[in-house]
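Take 1 as the starting number for the sequence shown in the working numbering and just add one per residue.
A quick write-up on the structure given underneath.
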Amino acid sequence: MLKKISHVAFAVVNMDRACEFYREVLGAKIVGRKEVPEQKSEVAFVEMGGTAKLELISPTSDDSPVKRFLDKKGPGIHHICFEVDGIEERLHYLHDHGVRLVDDQPRTGAEGDKIAFLHPSSTLGALVELTESSKD
Numbered sequence: 001m002l003k004k005i006s007h008v009a010f011a012v013v014n015m016d017r018a019c020e021f022y023r024e025v026l027g028a029k030i031v032g033r034k035e036v037p038e039q040k041s042e043v044a045f046v047e048m049g050g051t052a053k054l055e056l057i058s059p060t061s062d063d064s065p066v067k068r069f070l071d072k073k074g075p076g077i078h079h080i081c082f083e084v085d086g087i088e089e090r091l092h093y094l095h096d097h098g099v100r101l102v103d104d105q106p107r108t109g110a111e112g113d114k115i116a117f118l119h120p121s122s123t124l125g126a127l128v129e130l131t132e133s134s135k136d
């Protein structure tokens, strides 16, 4: 069962300009920015009130999945992330029900939580991320 929206991710070309826009123009708070080498990306989280956040992601290499996304679709919404309990069981359930998984097993995300992606071909065209919080 989905618990809540964790975040919505936007692929951006220039992380400095994106952070400046959200901070200076929209008045949001940047609450974390770091490189994620295993995903060949840099991420920044934007708090805007409430429980859901925005995640800004930009590539750090030419062979980054985010770079391929930007080359194909341009900047914009990259994925939506839902928080779940029991991510391993949820992945087994989804697999057994014909959902195409990007990740068969959870991996560690930018905030240290367990994450896994579902392929857009099985989710009505949207890249979906599941996360199980390590903070509970």
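Note that beta-carbon positions come from the ideal geometry of N, C-alpha and C, so glycine has one too.
VAL25 in three-state terms, based on DSSP: By 1-based counting over the sequence shown, the position of residue 25 is 25. If DSSP states are grouped into helix, strand and coil, VAL25 belongs with the helices.
Touching by the beta-carbon criterion (3+ pairs, under 8 Å), the stretch 78-88 and the stretch 101-121: yes
Short CB-CB distance (under 8 Å) between VAL12 and chain D: Although the question refers to chain D, the structure presented lacks it and comprises just one protein chain.
Cβ pair CYS81, THR123 closer than 8 Å: Counted from its first residue, the sequence shown places residue 81 at position 81. Counted from its first residue, the sequence shown places residue 123 at position 123. Contact flag unset, no.
Integer Cβ distance of VAL43 from ALA110, believed to fall under 8 Å: Indexing the sequence shown from 1 puts residue 43 at position 43. Indexing the sequence shown from 1 puts residue 110 at position 110. Rounded, the Cβ-Cβ distance is 5 Å, consistent with contact.
Residues bridged to SER133 (per DSSP): Mapped onto the sequence shown, residue 133 falls at position 133. Under DSSP, SER133 forms no beta bridge with any residue.
Enclosing alpha helix (DSSP H) for GLU88 [first to last residue]: Position 88 of the sequence shown holds residue 88. GLU88 -> alpha helix (DSSP H) spans 87-96.
Identity of the residue in PRO59, LYS53, ASN14 and HIS7 nearest ALA28 by Cα: Start at 1 with the first residue of the sequence shown, and residue 28 comes out as number 28. Answer by Cα proximity: LYS53.
Buried or exposed by the 16-neighbour rule on C-beta atoms within 10 Å, applied to ILE57: Against the sequence shown, residue 57 aligns to sequence position 57. The residue is buried, with at least 16 neighbouring Cβ atoms inside 10 Å.
Between the CA atoms of ASP104 and PHE45 - distance to the nearest angstrom: For the purposes of this step, residue 45 is identified with residue 45 of the sequence shown, where counting begins at 1. For the purposes of this step, residue 104 is identified with residue 104 of the sequence shown, where counting begins at 1. Between PHE45 and ASP104, the C-alpha separation is close to 26 Å.
Supposed contact pair PHE10 and GLY76 - C-beta distance, whole angstroms, cut 8 Å: Locating residue 76 in the sequence shown gives position 76, counting from the first residue. Locating residue 10 in the sequence shown gives position 10, counting from the first residue. A Cβ-Cβ separation of about 7 Å places GLY76 in contact with PHE10 under the 8 Å criterion.
For ARG17, the three-state DSSP class (helix, strand or coil): The residue given as residue 17 occupies position 17 in the sequence shown. Reduced to three states, the DSSP call for ARG17 is helix.
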